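If you read the sequence shown in my numbering, its first letter stands for residue 121, the second for the next number, and so on.
Each residue gets a CB set at the ideal place from its N, CA and C atoms; glycine is no exception.
Since this is a predicted model, take the numbers as computed values, not measurements.
Quick notes on the structure that follows.
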Amino acid sequence: MNIVKLLIILSVAGGGYHYWKAHSEGASSVAVEASITSESGFVSLPPMEGESSDAVLVVAAENCPHEDAQRADNLAQALSEKGIPVVRTHNISFNHISSNKEAERITSVMNGSLPIVFVDGRAKSNPTLEEVVAEYEGASQ
């Protein structure tokens, strides 16, 4: 009977520890995620090869009739008309990915709907013109 009581106590203690551990890590990861995501939803990513910090980078297939590519062309044109420097491309690569978290953020953004838009080290899939302008203006300050 004493062994059964001991097992119950150990089970409750172990469960309590795991619950506490999961929730304390969850709170800190929420704080970290908030620090790497801007108000307009752009996520911090590692530097790209040949990245220009002064221009917005719009990524999707070029010279393509597909709806995603047309959205990218329209977004790039609208940004240009607003006087925001923009580069339209279909190819990017990252210099150095230092952690699994960075790789997960890259995968999350790159697997989203096109276009993928990069502004000063942050990226978002299929943002609106207003979101891109807000991110650009926030990065310029």
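Query	Result
So, helix, strand or coil for I204, using DSSP?	coil
When the Cα of T209 is compared with those of N183, I156, E222 and N215, which residue comes out closest?	N183
What residue range is occupied by the uninterrupted beta strand (DSSP E) comprising S219?	Neither: S219 is in no beta strand (DSSP E) and is coded neither H nor E.
Compute the Euclidean distance between the alpha carbons of S149 and E224, then round it to the nearest angstrom.	Annotation note: pLDDT 42 at S149 (below 50); position unreliable, no value reported.
Between the C-alpha atoms of D240 and D188, what's the straight-line distance to the nearest angstrom?	22 angstroms
What is the DSSP secondary structure of E153, counted as helix, strand or coil?	Confidence at E153 is low in this model, with a pLDDT of 45, below 50, so its placement is unreliable and the value that follows should be read with caution. Looking at E153 - three-state DSSP - the assignment turns out to be helix.
Can you list, in chain order, the residues of its chain whose CB lies under 6 angstroms from that of G258, leaving out five sequence neighbours each side?	none
If you run the structure through DSSP and keep just helix, strand and coil, what is I236?	strand
Between which residues of its own chain and E255 is the CB-CB distance below 7 angstroms, once the five residues before and five after are set aside?	S158, S160, F162, V239 and R242
With DSSP as the reference, label T227 as helix, strand or coil.	helix
Looking at V179: is its Cβ nearer than 8 angstroms to the Cβ of P235?	yes
Under 6 angstroms Cβ to Cβ from E222, same chain only, skipping five residues before and after it: list those, please.	P166
Report the rounded CA-to-CA distance for E201 versus L177, giving the unit in angstroms.	15 angstroms
Apart from the five residues on each side of it in sequence, which residues of its chain come closer than 8 angstroms, Cβ to Cβ, to N220?	none
Buried or exposed: V152, going by 16 or more other Cβ atoms within 10 Å of its Cβ?	Legend: pLDDT at V152 = 39, less than 50; position of this residue unreliable, value from coordinates given subsequently. Answer is exposed; the Cβ neighbour count stays below 16.
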